[in-house]
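Colleague: Take a look at this one; I'll ask things after.
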Amino acid sequence: MKKIKKENKAIFFIIILFCIIFFFHNLNLFKKSFFVASRDYETRMTDKHGFCSREAFGFINFIQKKYNFKSKPLVINFEDVPNPTWAFLKFYKNQEIDKNYVVLLNYTKDLLKKENLKKKYNLSVKNYNLIEKSKNCYLLKIK
């Protein structure tokens with residue numbers, strides 16, 4: 052009798068162990084844990100949200116470090132995604148939008164064809180200088 056109970060416990064333990072391994076494998080837990088441990092936060096965020104595509108987290112993070120804004124610049128994204136101003140993770144004393152800087156994300160048209168910006172956003176590019184460009188992402192500063 053005792054031998055049967057020991058065998059049942061061993062079988063139960065093996066089944067539970069198999070279920071746990073199967074569960075971890077299906078969730079890709081080992082792979083995900085490796086990526087979290089081997090990559091820093093900014094690399095993971097840029098991989099997920101793009102450098103100059105989708106939300107363009109990489110570009111926003113790059114210009115935020117380079118220019119150290121005093122308040123949030125105006126961000127206009129031409130792709131159909133949520134507003135990417137969340138990427139400015141600093142808590143500014145002044146939460147108002149600073150129109151001295153304008154960030155254009157995923158802007159595929161020529162900057163010389165400014166009609167869309169003028170009509171939709173009331174923004175005249177003539178009043179701004181281009182200070183940073185990466186693919187189809189632009190940082191403009193008022194003249």
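Going by the numbering used here, the letters in the sequence shown line up with residues 52 to 194, in that order. Built from N, CA and C at the ideal position, the CB exists for glycine as well.
(1) Report the option in Asn173, Thr159, Asn178, Leu174 whose CA atom is closest to the CA atom of Lys184.
(2) Tell me whether the region 102 to 111 and the region 62 to 82 touch, counting them as touching only if at least three CB pairs, one residue from each stretch, are closer than 8 Å.
(3) For Val154, which beta-bridge partners are listed by DSSP?
(4) Between Leu168 and the rest of its own chain, which residues show a CB-CB distance below 7 Å, the 5 nearest in sequence each way excluded?
(5) Could you tell me which residues DSSP pairs with Ser185 in its beta bridges?
(6) Excluding the 5 residues flanking Tyr179 on each side, which residues of the same chain have their C-beta closer than 7 Å to its C-beta?
(7) Going along the chain, which residues of its own chain have a beta-carbon closer than 8 Å to the beta-carbon of Tyr172, five neighbours each way excluded?
(8) Rounding to the nearest angstrom, what Cα-Cα distance links Phe64 and Asp98 in this structure?
(9) Return helix, strand or coil for Asn119, following the three-state DSSP convention.
Modeller: Looking at the coordinates:
(1) Thr159
(2) no
(3) Val126, Leu190
(4) Leu174, Val176
(5) Cys188
(6) Val153, Leu191, Lys192, Ile193, Lys194
(7) Ile127
(8) 40 Å
(9) coil
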